[in-house]
Amino acid sequence: MIPEIVDWGYYSSLRNKISESEFERAEALAENEVRLVVGRYRWLMLDKDAFYFDQLKECICSVMDYMYDRRKSGSGRNIASVSNDRYTESYAIQTESQAKAELQNNIRTWLSGTGLAGAY
Numbered sequence: 011m012i013p014e015i016v017d018w019g020y021y022s023s024l025r026n027k028i029s030e031s032e033f034e035r036a037e038a039l040a041e042n043e044v045r046l047v048v049g050r051y052r053w054l055m056l057d058k059d060a061f062y063f064d065q066l067k068e069c070i071c072s073v074m075d076y077m078y079d080r081r082k083s084g085s086g087r088n089i090a091s092v093s094n095d096r097y098t099e100s101y102a103i104q105t106e107s108q109a110k111a112e113l114q115n116n117i118r119t120w121l122s123g124t125g126l127a128g129a130y
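First residue of the sequence shown: 11, per this note's numbering; consecutive thereafter.
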């Protein structure tokens with residue numbers, strides 16, 4: 011098993027949403043989400059020299075950015091309206107379970123063609 015799939019140098023060369031101080035935690039959380047979709051057996055059999063490895067690294071970076079955006083937007087907090095004196099604004103925000111399902115679907119899409127996400 012590979013300890014850390016994406017390192018700070020790789021991530022920061024392509025993306026800039028996550029700061030270096032937040033990176034280690036964000037990468038671990040993203041790997042965990044991808045691991046849930048890939049499955050324990052496939053995860054344990056990962057090979058850094060395999061054809062899919064660069065796509066897996068990109069997927070983890072995308073998950074980090076997705077989770078960052080979701081955290082910043084407040085998605086999953088069930089806020090449906092804002093009111094300030096006479097001004098009211100209503101909008102729909104995903105529930106936590108909807109956001110999780112969307113993330114898992116995105117992971118399957120980002121891993122499409124690798125064989126890591128089943129038949130996607």
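Heads up, the beta-carbon is just placed ideally off N, CA and C, and yes, glycines get one too.
Cβ-Cβ distances below 6 Å link residue 74 to 28, 36, 40 in the same chain, with the five nearest sequence neighbours on each side left out; the list follows chain order. With respect to the 9 Å criterion, residue 78 and residue 124 are not classified as neighbours on the basis of their beta carbons. If you draw a straight line from the Cα of residue 105 to the Cα of residue 47, it is about 20 Å long. Residue pairing from DSSP places residue 93 in a beta bridge opposite 98. With 16 or more other CB atoms across the displayed protein chains lying within 10 angstroms of its CB, residue 113 is buried. Here residue 43 is buried. Its C-beta has 16 or more other C-beta atoms within 10 Å. Burial check for residue 111: the Cβ neighbour count within 10 Å stays below 16, so the residue is exposed. When secondary structure is reduced to three states using DSSP, residue 14 falls in the coil class, being assigned neither helix nor strand. Per DSSP, reduced to three states, the secondary structure at residue 64 is helical.
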